[in-house]
Each structure stands twice: as structure tokens, then as C-alpha cells.
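**Student:** Below: one structure in C-alpha cells.
In the numbering used here, the protein residues as written are 51 to 244.
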């Protein structure tokens, strides 16, 4: 089965955790721009240094870098039958770019899952993750800035996808298994078997 899904939600909502679970069930790759940037996939390049500088301040990496990385990743054979995108698109310009990428390949999105979570819970989760994983980009001022950027630039994408009939909202304030069940149920209601 071919399935193409975007996961939206504030930082710390559990998109990466849920993507890792779903990709196994759907037999498609989970593609996280944050993981790509953090993994050093850009190498010791000017683009890599620029991406890291933006992330360390809680800012979005410029579209020109992000779009190129996503398009290259979607062109790989393992993504030919679908994908779960986590962290992309984050802006209206990126929505248009993703639309163009999919159109060039003759594909389209099947669903956009928005995992919702209160800001206070996001801050609590990300501070805990910072301790557990030693992530320098998870300080409270950076987290709060990331939430402001998310509210301004990414949250409006839900309305775009709702207008297209693709959006499903799932409450992310629960244990991992319960959120996973909610996502599977929401996708099932759209006719996608997981």
C-alpha cells in the first residue's frame, strides 16, 4: 500500500516517536528534517553550519536548505511507495514546495496528522528530554522561542490542510501507546489501514 503522511504538531508533541512506530506498520520511511540536521548529514559544510546555528537558537533552517534536503530524501527508492514526514513542511512556502515535489512525482498526500499539546506540557517534556539526551537545543528560553515560531509559522498550516480535507487532529497528551492508538484510529477513519 502506498501512503504519504505529514505529521504536524509543536516541538515535543511526540511526532518523532509516533513516526517511528507508524513507519514500521506502514512499511514506509519516517523522514525527520530535525534528525537529518542533527545527524550531521550535511557534513562539515557551510550549509550544515548554517543549519546548526539556526537550530541552536530555536529558529527554522532556511527553506533553501530544507527544501533541497527533503526533495533529495523523497527521491530515494525507499520513499517511492510513501513516507511519514516529521518537521516538514513548517511554513506556507514549504507547503507549496512539497506540493510541487509531489506533483512532479505524480503523488499526493493521503493525510496530515496534527498532534496537539498544551505549551506547558511541551516545555516540561522538552526539558526532560534535554536532561535525558543531553540536547543543547532544549533550554527553556529556546523551547519557548520555538513554540512562538511554531504558533506563528507552522500552526496555520493545519488550516490549509483542513481546507483540503486532509487534516486529522489527535490529542497528544497521553501515554505513547494511547496516542498511537488515536492516530491509527484517525487514519482508519480516513480509509487508511494501519
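Think of the CB as a built atom: it goes at the ideal place given N, C-alpha and C, for glycine as much as any other residue.
Any chance you could list the beta strand (DSSP E) runs of at least 3 consecutive residues sitting entirely within the stretch 148–227, in chain order?
**Tutor:** As far as the stretch 148–227 is concerned, its whole beta strand (DSSP E) runs of at least 3 residues are 161–166 and 217–221.
**Student:** Under 8 Å: do the stretch 140–149 and the stretch 62–70 share three or more Cβ pairs, one atom per stretch?
**Tutor:** Counting Cβ pairs under 8 Å, fewer than three are found: no touch.
**Student:** Using DSSP bridges, identify the partner residues of residue 80.
**Tutor:** Answer is 134.
**Student:** Assign residue 242 to one of three DSSP states: helix, strand, or coil.
**Tutor:** Residue 242: coil per DSSP, three-state reduction.
**Student:** Pull up the distance between the alpha-carbon of residue 102 and that of residue 87, whole angstroms please.
**Tutor:** Rounded to whole angstroms, residue 102 to residue 87 spans 7 Å at the Cα level.
**Student:** Taking only three categories from DSSP, how would you classify residue 53?
**Tutor:** Strand at residue 53.
**Student:** Are residue 60 and residue 176 touching if we call contact CB-CB under 7 Å?
**Tutor:** No; because the gap between Cβ atoms is not below 7 Å, this pair is not in contact.
**Student:** Closest to residue 221 by CA distance: which of 211, 191 and 234 is it?
**Tutor:** The candidate whose alpha carbon is nearest that of residue 221 is 234.
**Student:** Need the endpoints of the alpha helix (DSSP H) that residue 121 sits in, please.
**Tutor:** First-last of the alpha helix (DSSP H) with residue 121: 113–124.
**Student:** Are three or more beta carbon pairs between the stretch 183–194 and the stretch 120–130 nearer than 8 Å?
**Tutor:** Counting Cβ pairs under 8 Å, fewer than three are found: no touch.
**Student:** Count the other CB atoms within 10 Å of the CB of residue 239; is the residue buried (16 or more) or exposed (fewer)?
**Tutor:** Looking at its Cβ environment, which holds fewer than 16 other Cβ atoms inside 10 Å, residue 239 is exposed.
**Student:** Considering only the beta carbon of each residue, do residue 154 and residue 110 sit closer than 7 Å?
**Tutor:** In this structure, residue 110 does not lie closer than 7 Å to residue 154 by Cβ.
**Student:** Could you give the distance in angstroms between the alpha-carbon of residue 273 and the alpha-carbon of residue 56?
**Tutor:** The chain is shown only over 51 to 244; residue 273 falls outside these bounds and no answer can be derived.
**Student:** When the Cα atoms are used, what is the spatial distance from residue 135 to residue 162?
**Tutor:** Taking the straight line from one Cα to the other gives about 9 Å.
**Student:** Going by other Cβ atoms of all chains shown within 10 Å of its Cβ, with 16 needed for buried, is residue 107 buried or exposed?
**Tutor:** Under this definition residue 107 is an exposed residue.
**Student:** Would you report the Cα separation of residue 198 and residue 84, rounded to the nearest angstrom?
**Tutor:** Going by the C-alpha atoms only, they are around 18 Å apart.
**Student:** Suppose the cutoff is 6 Å on Cβ atoms and the five residues either side in sequence are ignored; what does the same chain contact list for residue 81 look like?
**Tutor:** The residues are 123, 133 and 135.
**Student:** Mark residue 114 as exposed unless 16 or more other C-beta atoms lie within 10 angstroms of its C-beta, in which case mark it buried.
**Tutor:** Exposed, since its Cβ has fewer than 16 Cβ neighbours within 10 Å.
**Student:** Considering only DSSP beta bridges, list what residue 58 is partnered with.
**Tutor:** DSSP lists 164 as partners of residue 58.
**Student:** Below 8 Å on the Cβ atoms is my guess for residue 63 versus residue 165; work out the distance and round it to an integer in Å.
**Tutor:** Confirmed, Cβ separation roughly 4 Å.
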